[in-house]
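**Q**
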Amino acid sequence: MTELTYHRWRQQYGGMQAEEVRRLTQLEKENARLKKLLAEAELEKAMLKDLAEGNF
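Now the structure itself:
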């Protein structure tokens, strides 16, 4: 592990308890999942709009 990585990790997680780190990790995973769902919904919306306008 590089020194920069260590300092970045310590700055982000240094004052947290194990349960807080688990919760943060869980929230980050959920956020990534929701972003993916939003991107898929936006893509589907754009495709439906193109179909409705006849631009396929």
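For the sequence shown, the numbering used here begins at 9 and goes up steadily by one. No residue lacks a Cβ here, since even glycine has one placed at the ideal position from N, Cα and C.
What would DSSP say about Asn63, mapped onto helix, strand or coil?
**A** Correct three-state label for Asn63: coil.
**Q** For Thr13, which of helix, strand or coil comes out of DSSP?
**A** It is helical.
**Q** Between Glu52, Met9, Leu32, which has its C-alpha nearest Gln20's C-alpha?
**A** Closest option to Gln20, Cα to Cα, is Leu32.
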